[in-house]
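Peer 1: I am attaching a structure below and will ask some questions about it afterwards.
Residue numbers (the numbering used here), protein chains in the order written: chain A, 1211 to 1414; chain B, 66 to 267.
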């Protein structure tokens, strides 16, 4: 039984085959263009770890202004009220609409932080060649991939708010630096997780 | 070794033998559980139908009034384009470009790209541009964020609810339907089997 299992656990890399990222066609590692879909072939994504780290660190740096600077400034009746991401969560909590507070908290604060930590953890594990719980790491990778796009909620909220209110009835809403930095965080983390190659988790 | 009979898991690189599976079934990697390939029911026909529906809904969504805001008896209506142009006018150019791409351009490219492959496939022709078109369609797929936008609208409803009345316009409902249809069309197509359609494995 054990010999059969070992026989089954052969990877494409063991056979010196590269699997096309685009169409899954297998080719010998000496071929550099997929014969089926003409996309470039690699055994693993090129410089996956370095690129992921670079983008991840960029995201961490952008996250600081995203949290500190106001996301929107509301001009109403001669007063200016600027609110940050965390500020709008607290505002919703205080005004009693806690379902929305939870949505914004999860999408704009919890998801980006967990995504950055999760991807950082994956990268550290791959670099230190920790291979005890590969299946959990793969699941973590899938979560990081799935969850990232949902952080865009707040960006869209600002876009709609600004458009609706711009035709100035009695209030005026101006987007702040915070939301620009936050948009960049979401995009950069999405690129970072795309650069990560989950097959590195399984390479021994 | 016959390479066409083998497939490597795209998440853990384990080699599997391709075996025919029944309609509606999926082949999973035995080590990490990722989907290797799946046999969708009526893949080409269903995806074509859903993409045609999506095209119609998309055209309605962008052309008719999207949301109205009513305060002190005045109603102002905006369409989807204005959520992009308003940001641009306020000098948030980077943000308006991002919103424009993930909300308007990517969905349109996906629908048109898929239709340009699916309509010829339906009459048993493989168009010469199909490979690079499908390559682009797959590459831009993660940037299609209209379902996230829909949740954003719901949050805005609550946010402005105390200040003004928000009235969903005709195209809001078309847009909500578009989200459902696009998700359905993403589920109805399977990448590996679709590539096999473009160049059958011998």
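Even for Gly, the Cβ is constructed at its ideal location relative to N, Cα and C. Just so we're clear, the structure is a prediction, and the values are computed from it rather than from any experiment.
#1: Would DSSP call residue 1289 of chain A helix, strand or coil?
#2: Excluding the 5 residues flanking residue 1245 of chain A on each side, which residues of the same chain have their C-beta closer than 8 Å to its C-beta?
#3: CA-CA distance, residue 1358 of chain A and residue 1274 of chain A?
#4: Could you tell me which residues DSSP pairs with residue 1282 of chain A in its beta bridges?
#5: Please report whether the beta-carbon of residue 1366 of chain A lies at a distance below 7 Å from any beta-carbon of chain B.
#6: In the DSSP assignment, the alpha helix (DSSP H) including residue 174 of chain B goes from what residue to what residue?
#7: Taking C-alpha atoms, which residue in B/107, B/251, B/220 lies nearest to residue 187 of chain B?
#8: In chain order, what residues of the same chain lie with their CB nearer than 7 Å to the CB of residue 1387 of chain A, ignoring the 5 residues before and after it?
#9: Going along chain B in order, which residues have a C-beta closer than 7 Å to the C-beta of residue 1225 of chain A?
#10: Just mark residue 1356 of chain A as buried or exposed, buried being the case when its beta carbon has 16 or more other beta carbons within 10 Å.
#11: Based on the DSSP secondary-structure assignment, which residues constitute the bridge partners of residue 92 of chain B?
#12: Suppose contacts are defined by Cβ-Cβ distances below 7 Å. Is residue 122 of chain B in contact with residue 243 of chain B by that definition?
#13: What residues of chain B sit near residue 1172 of chain A, judged by a beta carbon separation below 8 Å?
#14: Does residue 1399 of chain A pass the burial test, meaning 16 or more other C-beta atoms within 10 Å, or should it be called exposed?
#15: Going by the DSSP bridge assignment, what does residue 81 of chain B pair with across the sheet?
#16: Assuming residue 116 of chain B contacts residue 176 of chain B under a Cβ cut-off of 8 Å, what Cβ separation, rounded to an integer in Å, is found between them?
#17: Quickly, what does DSSP pair residue 133 of chain B with across the bridge? List them, please.
#18: Is it true that the CB of residue 132 of chain B sits closer than 7 Å to the CB of residue 143 of chain B?
#19: Strictly by DSSP, which residues pair up with residue 1221 of chain A?
#20: Rounded to whole angstroms, what is the Cα-Cα separation between residue 104 of chain B and residue 1299 of chain A?
#21: Whole beta strand (DSSP E) runs in the stretch 1219 to 1264 of chain A with 3 or more residues, listed along the chain?
#22: Going along the chain, which residues of its own chain have a beta-carbon closer than 7 Å to the beta-carbon of residue 1402 of chain A, five neighbours each way excluded?
#23: Excluding the 5 residues flanking residue 1411 of chain A on each side, which residues of the same chain have their C-beta closer than 8 Å to its C-beta?
#24: In chain B, what lies closer than 7 Å to residue 1373 of chain A by C-beta?
#25: Note the first and the last residue of the continuous alpha helix (DSSP H) segment covering residue 1355 of chain A.
#26: Over what stretch of residues does the alpha helix (DSSP H) that includes residue 109 of chain B continue unbroken?
#27: Go ahead and label residue 1308 of chain A buried or exposed: buried means 16 or more other beta carbons lie within 10 angstroms of its beta carbon, across all protein chains shown.
#28: Closer than 7 Å by beta-carbon distance: list the chain B residues that pair up with residue 1376 of chain A, in chain order.
#29: Chain B partners of residue 1385 of chain A, CB-CB under 8 Å?
#30: For residue 76 of chain B versus residue 99 of chain B, is the C-beta spacing smaller than 7 Å?
#31: At the 7 Å Cβ level, is residue 83 of chain B part of the contact set with chain A, yes or no?
#32: Could you tell me the distance, in whole angstroms, from the CA atom of residue 69 of chain B to the CA atom of residue 261 of chain B?
Peer 2: According to the structure shown:
#1: strand
#2: 1235, 1237
#3: 18 Å
#4: A/1293, A/1385
#5: yes
#6: 171 to 187 is the span of the alpha helix (DSSP H), which, as asked, contains residue 174 of chain B.
#7: B/107
#8: 1275, 1279
#9: 80
#10: With fewer than 16 Cβ atoms within 10 Å of its Cβ, residue 1356 of chain A is classed as exposed.
#11: B/102
#12: It is a contact, given that the beta carbons lie within the stated cut-off.
#13: Outside the displayed range of chain A (1211 to 1414) lies residue 1172 of chain A, so it cannot be described from this structure.
#14: buried
#15: B/72
#16: 5 Å
#17: B/142, B/232
#18: yes
#19: According to DSSP, residue 1221 of chain A bridges with B/79.
#20: Computed Cα separation, rounded: 44 Å.
#21: 1227 to 1229, 1236 to 1238
#22: 1262, 1265, 1266, 1269, 1329
#23: Within the same chain, residue 1411 of chain A has close Cβ partners 1332, 1335, 1336, 1341, 1344, 1347, 1348, 1351.
#24: Result: 143, 147, 148, 151.
#25: 1344 to 1357
#26: 108 to 128
#27: exposed
#28: 151
#29: 152, 155, 157, 160
#30: Cβ distance < 7 Å, so residue 76 of chain B and residue 99 of chain B count as in contact.
#31: no
#32: 11 Å
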